[in-house]
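Trainee: Numbering (my numbering), first residue to last: 195 to 545.
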């Protein structure tokens with residue numbers, strides 16, 4: 195009989211919630227800094243990593259987000275963005291991933307010579323290289339930042355629309371939810387709706403469940419990033435269940451940011467049991483020190499989820515992917531085939 199951990203390691207994986215600037219490896223940052231003659235406090239990967247990774251005693255989301263300030267100055271040209279995007283795909287594939295969505299805020303990469311369109315074009319080029327070399331599809335999600343003004347965020351949405359269906363799958367809202375409420379961004383996402391862009395919103399992470407309601411009912415979110423605090427309001431849970439809104443949950447990150455006090459309180463398995471559409475993702479592989487393979491393994495080790503329960507999350511993710519219809523059908527077929535080979539297809543009795 196195959197051990198559960200072996201089944202989980204072998205099963206196909208999908209990462210719907212991965213931030214480009216949270217996925218840069220220290221080795222890559224050292225290379226980028228050396229080529230651009232930019233100083234770094236350390237030049238050995240293991241000594242540089244503490245500057246890029248959440249501290250063990252990380253207090254909250256605000257502190258967690260400071261790690262991105264260290265990396266962003268090195269992601270200000272086309273070559274750097276293309277390399278970072280490519281490595282996101284490669285890291286996912288190396289963990290058994292069959293699909294990844296890489297999200298980033300183009301306006302954070304325009305400090306030097308790049309325009310928002312340049313930044314998006316560079317990331318898409320890296321994703322396409324990853325697709326070609328790793329054999330898995332990848333799409334970009336363009337982020338609007340909570341600390342940016344309305345005009346800048348609308349410009350990001352308009353830039354995303356120019357690449358919709360050509361590498362960009364959706365738009366997002368991210369940043370410090372505790373300081374910049376979701377309700378302040380209605381006009382930005384009215385613009386996204388007018389342009390026909392699908393929307394996912396970071397909500398119910400550092401703010402309460404009302405942020406999730408606002409994201410769905412006012413901003414048009416068809417997916418929710420994190421959503422861990424939905425558990426605080428039965429009405430929000432019912433809304434998510436009835437509308438079949440997928441949750442992009444990121445266990446390791448959510449615990450590090452103190453969105454949830456620890457694994458014992460982590461609601462993913464409860465949500466799944468209550469009929470919510472749940473997925474498991476990395477958020478920031480480097481900042482959180484994780485991979486998509488680690489996240490799946492931890493669901494078994496810390497939440498006692500069986501391989502069949504985790505396989506259901508993979509199918510949820512395939513259904514929720516921001517892919518063109520034909521590409522989505524191909525992904526779902528590939529996932530089902532891989533699960534069937536492990537005895538984990540929905541109609542197959544197994545682990």
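Each residue gets a CB set at the ideal place from its N, CA and C atoms; glycine is no exception.
(1) Just to confirm the assignment, what range does the alpha helix (DSSP H) spanning residue 257 have?
(2) Report the option in 373, 467 and 456 whose CA atom is closest to the CA atom of residue 432.
(3) Mind checking whether residue 335 and residue 365 have CB atoms under 8 angstroms apart?
(4) Could you give the uninterrupted runs of the alpha helix (DSSP H) lying entirely in the segment 272–299, keeping only those of 4 residues or more?
(5) Should residue 297 be labelled buried (16 or more other beta-carbon atoms within 10 Å of its own) or exposed?
(6) Does DSSP put residue 301 in a helix, in a strand, or in coil?
(7) Distance check for residue 537 and residue 530, CA to CA, integer angstroms please.
(8) If we ignore side chains and look at the alpha-carbon of each, how far apart do residue 544 and residue 448 end up?
(9) Does DSSP classify residue 363 as helix, strand or coil?
(10) When the Cα atoms are used, what is the spatial distance from residue 401 to residue 371?
(11) Quick one: Cα of residue 391 to Cα of residue 353, how far?
(12) Could you tell me the boundaries of the alpha helix (DSSP H) in which residue 399 lies?
(13) Of the choices 518, 385 and 421, whose alpha-carbon is the least far from that of residue 395?
(14) Within the same chain, show all residues whose beta-carbon is closer than 8 angstroms to that of residue 528, passing over the 5 residues directly before and after it, in chain order.
(15) Measuring CB atoms only, is the segment 271–290 touching the segment 237–248, in the sense that at least three cross pairs come out at less than 8 angstroms?
(16) Based on Cα-Cα distance, which residue from 443, 280, 299 and 534 lies nearest to residue 323?
(17) Here's the rule I'm using: 16 or more other beta-carbon atoms within 10 Å means buried, otherwise exposed. How should residue 349 be labelled?
(18) Along the chain, where does the beta strand (DSSP E) that runs through residue 443 open and close?
(19) Whose C-beta lies closer than 6 angstroms to the C-beta of residue 385 among residues of the same chain, with five residues either side of it excluded?
(20) Report the rounded CA-to-CA distance for residue 304 versus residue 227, giving the unit in angstroms.
(21) Could you tell me the distance, in whole angstroms, from the CA atom of residue 198 to the CA atom of residue 234?
(22) Looking only at its own chain, which residues have a Cβ that is under 7 angstroms from the Cβ of residue 484, when we skip the five neighbours before and after it?
(23) Does the beta-carbon distance from residue 314 to residue 357 come in below 8 angstroms?
(24) Run through the DSSP bridge pairs and tell me what residue 473 is partnered with.
(25) Give the range of the beta strand (DSSP E) segment to which residue 209 is assigned.
(26) Relative to the alpha-carbon of residue 524, which residue among 240, 535, 534 and 512 has its alpha-carbon at the smallest distance?
(27) By how many angstroms is the C-alpha of residue 516 removed from the C-alpha of residue 220?
(28) With respect to the beta strand (DSSP E) encompassing residue 330, which residues constitute its N-terminal and C-terminal limits?
(29) Would you mind sorting residue 469 into buried or exposed? The rule is 16 or more other CB atoms within 10 Å of its CB.
(30) Could you tell me whether the Cβ of residue 408 comes closer than 8 angstroms to any Cβ of chain B?
(31) With DSSP collapsed to three states, give me the class of residue 358.
(32) Count the other CB atoms, across all protein chains shown, that sit within 10 Å of the CB of residue 359; report buried if there are 16 or more and exposed otherwise.
Mentor: Checking against the coordinates, here is how it stands:
(1) Counting along the chain, the alpha helix (DSSP H) containing residue 257 begins and ends at 255–265.
(2) Nearest C-alpha to residue 432: 467.
(3) Residue 335 places its beta carbon less than 8 angstroms from that of residue 365.
(4) As for any alpha helix (DSSP H) of minimum length 4 sitting wholly inside the segment 272–299, the runs are 272–288, ordered along the chain.
(5) It is buried - the Cβ of residue 297 has at least 16 other Cβ atoms within 10 Å.
(6) In the structure shown, residue 301 sits in a helix (DSSP, three-state: H, G or I).
(7) Here the C-alpha atom of residue 530 lies approximately 10 angstroms from the C-alpha atom of residue 537.
(8) At residue 544 the pLDDT is 43, less than 50, meaning the model places this residue with poor confidence; the figure from the coordinates comes in the next sentence. In a straight line, the C-alpha of residue 544 is about 31 angstroms away from that of residue 448.
(9) The three-state secondary structure of residue 363, taken from DSSP, is strand.
(10) Annotation: residue 401 to residue 371 spans about 6 angstroms, alpha carbon to alpha carbon.
(11) Near 11 angstroms, if we compare the C-alpha coordinates of residue 353 and residue 391.
(12) Per DSSP, residue 399 is not a residue of any alpha helix (DSSP H), being assigned neither H nor E.
(13) Of the residues 518, 385 and 421, the one whose Cα lies closest to the Cα of residue 395 is 421.
(14) These residues qualify, in order along the chain: 206 and 292.
(15) Contact between the segment 271–290 and the segment 237–248 is not established, with fewer than three Cβ pairs separated by less than 8 angstroms.
(16) Taking the Cα of residue 323 as reference, the smallest distance to any Cα among 443, 280, 299 and 534 is reached at 280.
(17) With a threshold of 16 other beta carbon atoms within 10 Å, residue 349 meets it and is buried.
(18) Taken as a continuous stretch (DSSP letters only), the beta strand (DSSP E) holding residue 443 covers 441–443.
(19) For residue 385, where only same-chain residues beyond five positions count, the Cβ hits under 6 angstroms are 348 and 351.
(20) One C-alpha to the other measures close to 18 angstroms.
(21) Take the alpha-carbon of residue 198 and the one of residue 234: they are about 42 angstroms apart.
(22) Same-chain partners within the cutoff: 446 and 476.
(23) Cβ distance < 8 angstroms, so residue 314 and residue 357 count as in contact.
(24) Answer by DSSP bridge pairing, in chain order: 442.
(25) 207–213 is the span of the beta strand (DSSP E), which, as asked, contains residue 209.
(26) Selection 240, 535, 534 and 512 evaluated against residue 524 yields 512 as nearest (Cα-Cα).
(27) One alpha carbon belongs to residue 220, the other to residue 516, and they sit about 29 angstroms apart.
(28) The continuous stretches of beta strand (DSSP E) do not include residue 330, and DSSP gives it neither H nor E.
(29) Exposed, by the Cβ-count rule.
(30) Reference to chain B is not applicable here, since this structure consists of a single protein chain.
(31) Note: residue 358 maps to strand in three-state DSSP.
(32) By the neighbour-count rule (16 or more Cβ atoms within 10 Å), residue 359 is not buried but exposed.
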